[in-house]
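Numbering (this note's numbering), first residue to last: 674 to 1307.
Here the structure comes first, spelled out in structure tokens, and everything after it is commentary.
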């Protein structure tokens, strides 16, 4: 047990460093920085290149890696994060930093590839004996580095003028600006310091674990959970939360299974969110309300008039209906099917995020529930596929109701964190339940979808099934969103207090939006399973959830047609441009960041706005009276 506790404290020390980066940025800007874990990987791999490839001494390589990562963080924050602070609400800033995480992971993939890397231990591989326990010497480096970083951060914030300015920005940015403090500089500095802390954490951790380009997502999630348990804006809470998380995961891995270690951490998080949403050391309302927090930031959601909308929609459906008959798209027909399946899942997410304004990072979890339920019933119990799909829908509905009850009081980043925790819990279950789900290897032998004795076993038939289902669901949602239900969701998104004053039952409508989103995701997951005849955790895991959010934001929220644009762009372009597949992750990150920066309504929103302007121009031209000249009067 002592060895488990020591291992947990060491792992928790790294989590505490990551959580400190989260706490620092949140204290100064009020934003959760999901890019934090990427700096951890970037710092470690930079040191690997400097030390192993260029032959720098270890101390010099570590210093150079920290400096490079800090400078990169400063440039990234100054170019993207800081300019958006006064223009975007916190929910959009959360998604912006998720885009930055994907962007950095894409850069790491290009420069270092997808293979794992390890750094040599700083003091050799031989362990030392302490009270009969064998302890790796790297453990002392981790403990020492955590202690030094904590002390230096405490001194910076409490004993220096820069620290006082950072704390003033955290307390009230508007008042700090009136006092002559450069809030932009302080925000950039906090982002840069967080990058530096992340790089240090990655460097001391790399000798005891392998790192690769997408490890940043794991570190981001771990740091996010740690700071949420301890308290979002508390440095003490960040340290305590990181240590608690590390010890809990070590006990779960040692006494249950390493496959369920995430599940224990998620249970801790859900308990904390239910009974103390602000964390163990967080104090609700400690940060004064700023003008940016008060203002209603409109993301430019646009609508097009009924006539043009019908014309445009009809043209799109007819085009999609004739595509397989042209023969030009035979090679990408499987990708078109995937586009349609993902469109259904993102369409449900649009109801939750685009219309109800509830940020969710767990849409992939409901895809997993629906897909695995349908597949397991079909493979292991010989249920008809259609009955399996219906059973998956029922199970997803039940889970969405339970999640809604747990998260009823949560909003903003806490709601996003709860949905992310739910996705992690589902991922842990399907990965660890080897006998039922096949574990990490996945479930094989899934039959083709059949309805009424007809098998959708060919790409041609599956394409038209997905197309017909997508059209029907869009028509149903169009009518629903134009009803009183849709107007209530839009009112909740705009202002929950005002909606409550209008006697709108906020909880009931949120629960309904969650239910619709879960049903659509469940259908999408089931179609995934029956189309590929195979289902694995990485097909419906957390990366899939983040990818679906990216698709929705890039396409455009709250328009129903936006998901199609986003899904098609991020699914078909890598297929068309196969030589550029290496740049897919980077392109996704850039698209998400650029969309929030310059096109908050999404690509579909921008297109619809332009079409609307054209129709308005033609309509105005029809009502222009002919000009009467002096010649006419004569």
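Every residue, glycine too, gets a C-beta built ideally from N, C-alpha and C.
Every value quoted in this text rests on a predicted model; they were computed, and no experiment measured them.
First and last residue of the alpha helix (DSSP H) that includes residue i?
i: residue 1100; result: 1085 to 1105
i: residue 758; result: Counting along the chain, residue 758 falls outside any alpha helix (DSSP H), and DSSP gives it neither H nor E.
i: residue 714; result: 709 to 721
i: residue 1222; result: 1215 to 1228
i: residue 1025; result: Here residue 1025 belongs to no alpha helix (DSSP H), and DSSP marks it neither H nor E.
i: residue 1269; result: 1257 to 1271
i: residue 746; result: 731 to 749
Can you tell me which of the options puts its alpha carbon nearest to the alpha carbon of residue i?
i: residue 707; options: 884, 895, 996; result: 895
i: residue 1182; options: 1163, 684, 1089, 1230; result: 1163
i: residue 858; options: 756, 953, 919; result: 756
i: residue 872; options: 1052, 1091, 687; result: 687
i: residue 947; options: 748, 798, 694, 1088; result: 1088
i: residue 1057; options: 1159, 1131, 1125; result: 1125
i: residue 1157; options: 1146, 1176, 1170, 810; result: 1176
i: residue 819; options: 769, 753, 912; result: 912
i: residue 772; options: 1294, 1016, 1017, 1225; result: 1225
i: residue 903; options: 685, 848, 915; result: 915
i: residue 1117; options: 1063, 1074, 1194, 1209; result: 1209
i: residue 1268; options: 825, 723, 683, 770; result: 770
i: residue 698; options: 750, 738, 740; result: 750
i: residue 788; options: 714, 1064, 1106; result: 714
i: residue 920; options: 997, 1255, 860, 684; result: 684
i: residue 870; options: 856, 892, 850, 852; result: 892
i: residue 1135; options: 1202, 837, 908, 880; result: 1202
i: residue 765; options: 850, 1286, 1229; result: 1229
i: residue 856; options: 754, 1052, 827, 1222; result: 754
i: residue 739; options: 793, 726, 876, 692; result: 876
Determine the burial state of residue i: buried for a count of at least 16 other Cβ atoms within 10 Å of its Cβ, exposed for fewer.
i: residue 1021; result: buried
i: residue 743; result: buried
i: residue 890; result: buried
i: residue 962; result: Reliability fails at residue 962, whose pLDDT of 40 lies under 50, so the model's placement of it is uncertain and no value is given.
i: residue 1291; result: exposed
i: residue 887; result: buried
i: residue 1031; result: buried
i: residue 775; result: buried
i: residue 802; result: exposed
i: residue 834; result: exposed
i: residue 1204; result: buried
i: residue 1069; result: buried
i: residue 689; result: buried
i: residue 824; result: exposed
i: residue 1109; result: exposed
i: residue 783; result: exposed
i: residue 721; result: buried
i: residue 1010; result: buried
i: residue 852; result: exposed
i: residue 998; result: exposed
Among residues of its own chain, excluding the 5 on either side of residue i, which ones have a beta-carbon nearer than 7 Å to its beta-carbon?
i: residue 718; result: 781, 785, 790, 884
i: residue 840; result: 830
i: residue 1159; result: 1028, 1153
i: residue 763; result: 703, 704, 1085, 1086
i: residue 680; result: 923
i: residue 1309; result: Given a span of 674 to 1307 for the chain in the structure shown, any question on residue 1309 remains unanswerable.
i: residue 1012; result: 1240, 1241, 1244, 1245
i: residue 1026; result: 1032, 1033, 1225, 1230
Could you give the residue range of the beta strand (DSSP E) that holds residue i?
i: residue 1114; result: Here residue 1114 belongs to no beta strand (DSSP E), and DSSP marks it neither H nor E.
i: residue 1127; result: 1127 to 1129
i: residue 1156; result: Neither: residue 1156 is in no beta strand (DSSP E) and is coded neither H nor E.
i: residue 1195; result: Taken as a continuous stretch (DSSP letters only), residue 1195 belongs to no beta strand (DSSP E), being part of the alpha helix (DSSP H) at 1179 to 1205.
i: residue 1033; result: It is not in any beta strand (DSSP E) - residue 1033 carries neither H nor E in the DSSP assignment.
i: residue 1079; result: Note, residue 1079: premise wrong, no beta strand (DSSP E); alpha helix (DSSP H) at 1058 to 1079.
i: residue 1122; result: 1122 to 1124
Leaving out five residues on either side along the sequence, give the residues of the same chain with a beta carbon under 6 Å from the beta carbon of residue i.
i: residue 1091; result: 946, 1080, 1083
i: residue 779; result: 1258, 1259, 1262
i: residue 1024; result: 1186, 1189, 1190
i: residue 1038; result: 1095, 1096, 1099
i: residue 1218; result: 1034, 1035, 1036, 1037, 1096
i: residue 868; result: 712, 742, 743, 746
Determine, for residue i, whether the minimum Cβ-Cβ distance to residues of chain C falls below 7 Å.
i: residue 789; result: Considering every chain present, this structure includes no chain C. It has just one protein chain.
Excluding the 5 residues flanking residue i on each side, which residues of the same chain have their C-beta closer than 8 Å to its C-beta?
i: residue 1060; result: 1050
i: residue 905; result: 695, 696, 699, 705, 951, 952, 955, 1086
i: residue 1171; result: 1164
At what residue ranges does the stretch 762 to 790 contain a whole run of the alpha helix (DSSP H), taking only runs of 4 or more? 763 to 785
Whole beta strand (DSSP E) elements within the stretch 792 to 867, 3-residue minimum: 801 to 803, 806 to 808
Write down every uninterrupted run of the alpha helix (DSSP H) in the stretch 878 to 907 whose length is 4 residues or greater and which is fully enclosed by it, in chain order. 888 to 903
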